[in-house]
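First comes the structure, then the notes that go with it.
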Ligand code: G6P
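Numbering (full-length UniProt numbering), first residue to last: 244 to 612.
The structure is reproduced here in structure tokens:
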């Protein structure tokens with residue numbers, strides 16, 4: 244069984260470590276940074292649908308829904324198209340307003356999630372254009388979509404999604420760049436810069452994975468906590484949600500993800516000297532604000548763990564523990580900042596002696612509602 248797992252103890256760890264390759268495979272042949280091009284035939288063939296879309300609705304569940312939230316930030320910034328991100332289960336039952344011309348992006352690792360599938364069927368009947376961002380080739384959602392882009396992440400066995408998530412982010416980032424460039428809503432310099440930044444992601448992920456001992460140590464230190472709070476802003480807000488979801492799934496520790504500023508409207512009441520608070524605090528346009536939020540938690544004696552940018556000399560002096568990631572443009576940062584959080588949940592689950600590949604009560608793919 245160890246052979247199947249490529250020498251790793253668990254599929255989850257193997258899949259986390261595959262990410263430099265899976266992200267590379269996703270970008271390969273599509274991202275041509277040298278010539279400033281993105282080749283995605285599914286988008287290319289339907290560019291008008293995207294450019295003229297009055298809005299884009301993203302439909303997904305679970306981790307895929309978090310990828311959708313990152314896409315909301317990307318598409319609104321780079322394409323200036325309003326985006327709504329919907330839980331498939333809510334969207335399908337509330338008689339949503341869908342018009343001809345609306346573009347629906349469905350995100351699904353398995354391509355078989357029942358709620359997502361049914362939500363798409365009815366939107367399709369209403370005349371929406373359905374674009375699938377799917378990992379499983381030939382799956383129901385990919386067949387139902389008018390067009391799509393596969394994430395090429397390979398089979399994902401661990402119940403908690405890891406490499407499929409970064410594959411989704413890579414595809415959605417390329418889509419936003421391609422559409423924004425065609426629409427003329429991205430400044431040319433930023434476009435070029437982001438292509439180069441995206442191309443550099445596999446190497447940077449490799450860098451994070453080279454030495455995970457700090458993360459293992461942090462996991463052991465906090466494994467007996469009863470609750471965790473995960474906070475982030477901007478592009479890293481969905482990553483805070485994803486960090487909390489991963490921890491819940493794998494370690495059964497109660498965890499909540501929140502936008503960092505929103506913590507004042509509730510979660511801050513939970514802060515005491517027992518509560519670990521994980522900040523996704525990489526160097527971006529929200530950095531100063533996150534620094535203030537860290538101070539607010541420290542002033543209430545919370546334990547602060549930060550995902551921070553290598554070379555940052557402020558955060559490490561304030562936080563109890565840090566997990567470093569290489570510097571990146573904020574629109575690309577989620578692809579890096581999620582990696583330490585995947586590892587954190589893995590090592591907490593491991594330290595607790597839990598079955599990280601098959602957590603209790605969870606299914607890899609929820610094909611019944
Ligand atoms: C289940 C899995 C999650 C996944 C979600 C959506 O809950 O355990 O890892 O994110 O379904 O699945 P999908 O295949 O549609 O991405």
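All residues carry an ideal CB built from backbone N, CA and C; glycine is no exception.
Residue i Cβ short of 6 Å to the ligand G6P heavy atom set
{"i": "residue 469", "result": "no"}
{"i": "residue 305", "result": "yes"}
{"i": "residue 585", "result": "no"}
{"i": "residue 356", "result": "yes"}
{"i": "residue 605", "result": "yes"}
{"i": "residue 286", "result": "no"}
{"i": "residue 402", "result": "yes"}
{"i": "residue 184", "result": "It is not possible to answer for residue 184, since the shown part of the chain is limited to 244 through 612."}
{"i": "residue 352", "result": "yes"}
Where the alpha helix (DSSP H) through residue i begins and ends
{"i": "residue 316", "result": "305-322"}
{"i": "residue 481", "result": "480-494"}
{"i": "residue 272", "result": "That residue, residue 272, is in no alpha helix (DSSP H); it is neither H nor E in DSSP."}
{"i": "residue 282", "result": "Note, residue 282: premise wrong, no alpha helix (DSSP H); not H, not E."}
{"i": "residue 349", "result": "First-last for residue 349: 346-351, but that is the beta strand (DSSP E), not the alpha helix (DSSP H)."}
{"i": "residue 260", "result": "254-260"}
{"i": "residue 461", "result": "456-465"}
{"i": "residue 417", "result": "406-426"}
{"i": "residue 368", "result": "357-368"}
{"i": "residue 251", "result": "Neither: residue 251 is in no alpha helix (DSSP H) and is coded neither H nor E."}
{"i": "residue 529", "result": "Looking at the DSSP string, residue 529 is not in any alpha helix (DSSP H), and its letter there is neither H nor E."}
{"i": "residue 381", "result": "From DSSP, residue 381 is part of no alpha helix (DSSP H); its letter is neither H nor E."}
{"i": "residue 558", "result": "558-561"}
{"i": "residue 519", "result": "Here residue 519 belongs to no alpha helix (DSSP H); instead the beta strand (DSSP E) covers 519-523."}
{"i": "residue 594", "result": "577-594"}
Beta-carbon proximity check, residue i vs residue j, cutoff 7 Å
{"i": "residue 256", "j": "residue 458", "result": "no"}
{"i": "residue 354", "j": "residue 382", "result": "yes"}
{"i": "residue 485", "j": "residue 571", "result": "no"}
{"i": "residue 290", "j": "residue 281", "result": "no"}
{"i": "residue 269", "j": "residue 366", "result": "no"}
{"i": "residue 363", "j": "residue 387", "result": "yes"}
{"i": "residue 394", "j": "residue 304", "result": "no"}
{"i": "residue 192", "j": "residue 582", "result": "Only positions 244 to 612 of the chain appear in this structure, which leaves residue 192 out of reach."}
{"i": "residue 313", "j": "residue 481", "result": "yes"}
CB contact check: residue i to chain D, cutoff 7 Å
{"i": "residue 305", "result": "No chain D is part of this structure, which consists of one protein chain only."}
Range of the contiguous beta strand (DSSP E) that encloses residue i
{"i": "residue 567", "result": "564-568"}
{"i": "residue 474", "result": "470-475"}
{"i": "residue 507", "result": "First-last for residue 507: undefined, no H or E at that position."}
{"i": "residue 429", "result": "Premise fails: residue 429 is in no beta strand (DSSP E) and is neither H nor E."}
- request: Please determine if the region 463-476 and the region 518-525 are in contact, where contact requires at least 3 C-beta pairs separated by less than 8 Å.
  value: The count of Cβ pairs closer than 8 Å, one atom from the region 463-476 and one from the region 518-525, reaches three, so the stretches are in contact.
field: Touching by the beta-carbon criterion (3+ pairs, under 8 Å), the region 318-336 and the region 576-591
entry: no
- prompt: Pairing CB atoms from the region 374-391 with CB atoms from the region 324-331, are three or more of them under 8 Å?
  reply: no
- prompt: Can we say the region 341-358 touches the region 290-305, given the rule of at least three CB pairs closer than 8 Å?
  reply: yes
query: With a cut-off of 8 Å, do at least 3 Cβ pairs link the region 445-463 to the region 581-595?
result: yes
- prompt: Any chance the region 501-515 sits against the region 332-341, with 3 or more Cβ pairs inside 8 Å?
  reply: no
- request: Decide if the region 256-266 is in contact with the region 399-406; the criterion is three or more beta carbon pairs, one per stretch, under 8 Å apart.
  value: yes
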